[in-house]
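For reference, the structure is listed below as structure tokens.
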Amino acid sequence: MSSGAMYAAHFGLKQRPFTLLPDPEFLFWSPQHRRAYSVLEIGILSRAPITLVTGEIGSGKTTLLRQLLNRMEEELTVGLISNATGGRGELIRWALNAFGIEVPEDHADYVDLYQALVDFMVHEYAEGRRIILIIDEAQNLSAESLEELRMLTNVNSNKDELFQLILVGQPELHDLVLQPQLRQLAQRVAASFHLGAMNEAGVRDYIRHRLRIAGGDGEEITADAVHRIFDSTDGIPRLINQLCDLSMMYAWTDDEEFVSAETVDAVLEDGVFFGAQLLGGAQKEKQA
Numbered sequence: 001m002s003s004g005a006m007y008a009a010h011f012g013l014k015q016r017p018f019t020l021l022p023d024p025e026f027l028f029w030s031p032q033h034r035r036a037y038s039v040l041e042i043g044i045l046s047r048a049p050i051t052l053v054t055g056e057i058g059s060g061k062t063t064l065l066r067q068l069l070n071r072m073e074e075e076l077t078v079g080l081i082s083n084a085t086g087g088r089g090e091l092i093r094w095a096l097n098a099f100g101i102e103v104p105e106d107h108a109d110y111v112d113l114y115q116a117l118v119d120f121m122v123h124e125y126a127e128g129r130r131i132i133l134i135i136d137e138a139q140n141l142s143a144e145s146l147e148e149l150r151m152l153t154n155v156n157s158n159k160d161e162l163f164q165l166i167l168v169g170q171p172e173l174h175d176l177v178l179q180p181q182l183r184q185l186a187q188r189v190a191a192s193f194h195l196g197a198m199n200e201a202g203v204r205d206y207i208r209h210r211l212r213i214a215g216g217d218g219e220e221i222t223a224d225a226v227h228r229i230f231d232s233t234d235g236i237p238r239l240i241n242q243l244c245d246l247s248m249m250y251a252w253t254d255d256e257e258f259v260s261a262e263t264v265d266a267v268l269e270d271g272v273f274f275g276a277q278l279l280g281g282a283q284k285e286k287q288a
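One point on numbering: in full-length UniProt numbering, the residue at position 171 of the sequence shown is 171, and numbering is uninterrupted.
See the structure below:
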């Protein structure tokens, strides 16, 4: 039996409540996440050329995308790209691959690649389907790649958009889109939202929600411990999961009935919660 399973049993839980793997069963809708999801839905329904969602690492952006993909309607043809890199023409190859289109030979030039994607868009439109390309971690794209995508949003039929783009990434994506050379792309962003961190009440509700889904009563982590967790994670879901998981493991090894503030302090003092060091570095950068 793994340590995770053992500490879950110690607290009377059926499974570990705090893991880093996305799990639809544990999906928690904070007000921020609801708004971000609404922006994504509105962007799709309104046929917005480009929809932009940003957020810090671990804020729940990818979880939102998974939920969106699960709810996509049949008349939508969706492609997903994560962590795309490369120079001119490479992003077009990524897009062709995302839609399951046979990619032309390596010696095919940019025009061939671009035309292959446009032909696919026209074919899908003739079949009554709209195309949506979702790019996760889009802050890694170059300005040149973003301009290539902008050109694809210009392909239309009469008043209908054939191609919609959803860009999701870290906060620097917003700054990238606002660069002078990308003014035309920025003008096509019809909906934008920044997914911020949760406040303390949101963190409390998030922790209780995950504990209850795992089979607990939501009180396995005390109010004082929740306060300490909020202070130590800045309300970022991924860091909350890490610190809660470690704290429950510590409480189990000490045969404690609950996770107390003292338990969380022990985790922090031992330096096993690496997220605290990441946040410390980020705060120093902001102060510099």
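The C-beta atom is built at its ideal place from N, Cα and C for all residues, glycine as well.
Quick caveat, the model's predicted, so the values are computed rather than measured.
Counted within 10 angstroms of its Cβ, other Cβ atoms place residue i as buried (16 or more) or exposed
i           : result
residue 288 : For residue 288, the pLDDT reaches just 39, beneath the cut-off of 50, and the residue's location in the model is therefore unreliable, although a value from the coordinates is still provided. With fewer than 16 Cβ atoms within 10 Å of its Cβ, residue 288 is classed as exposed.
residue 269 : exposed
residue 11  : buried
residue 83  : exposed
residue 112 : exposed
residue 57  : exposed
residue 242 : buried
residue 202 : buried
residue 208 : buried
residue 110 : exposed
residue 21  : exposed
residue 273 : buried
residue 178 : exposed
residue 77  : buried
residue 121 : buried
residue 136 : buried
residue 127 : exposed
residue 233 : buried
residue 85  : exposed
residue 271 : exposed
residue 220 : buried
residue 72  : exposed
Which residues DSSP lists as bridging residue i, in chain order
i           : result
residue 194 : 54
residue 135 : 81, 167
residue 65  : In the DSSP output, where bridge partners are listed per residue, residue 65 has none listed.
residue 130 : 76
residue 259 : 221
residue 203 : In the DSSP output, where bridge partners are listed per residue, residue 203 has none listed.
residue 39  : In the DSSP output, where bridge partners are listed per residue, residue 39 has none listed.
residue 189 : 50
6 angstroms Cβ shell around residue i - same chain, five flanking residues per side excluded
i           : result
residue 17  : 210, 211, 214
residue 252 : 7, 10
residue 68  : 40
residue 228 : 261, 264
residue 189 : 50, 52
residue 298 : The question about residue 298 has no answer, for the chain in this structure spans 1 to 288.
residue 5   : none
residue 63  : 22
residue 283 : Here the model assigns residue 283 a pLDDT of 42, short of 50, so the residue's position is not dependable and the matter cannot be decided.
residue 218 : 208, 211, 212
Close-in-space but distant-in-sequence residues of the same chain around residue i (CB under 7 angstroms, 5 per side omitted)
i           : result
residue 196 : 32
residue 172 : 139
residue 147 : 182, 185
residue 267 : 243, 246, 247, 250, 273
residue 103 : 93, 96, 97
residue 65  : 134, 136, 168
residue 230 : 200, 203
residue 156 : 162
residue 123 : none
Check whether residue i and residue j have beta carbons under 9 angstroms apart
i           : j           : result
residue 194 : residue 55  : yes
residue 248 : residue 37  : no
residue 116 : residue 101 : yes
residue 206 : residue 180 : no
residue 290 : residue 169 : Nothing about residue 290 can be read from this structure; the chain reaches only from 1 to 288.
residue 118 : residue 80  : no
residue 91  : residue 30  : no
residue 160 : residue 125 : yes
residue 149 : residue 176 : no
Close-in-space but distant-in-sequence residues of the same chain around residue i (CB under 8 angstroms, 5 per side omitted)
i           : result
residue 222 : 258, 259, 260, 261
residue 216 : 11, 12, 13, 17
residue 281 : Model confidence at residue 281 stands at a pLDDT of 42, short of 50, so the residue's coordinates are unreliable and nothing is read from them.
residue 75  : 128, 129, 130
residue 174 : 52, 54, 192, 194
residue 70  : 24
Pair every Cβ in the segment 144–164 with every Cβ in the segment 33–47, then say whether three or more of these pairs are closer than 8 angstroms. The segment 144–164 is in contact with the segment 33–47.
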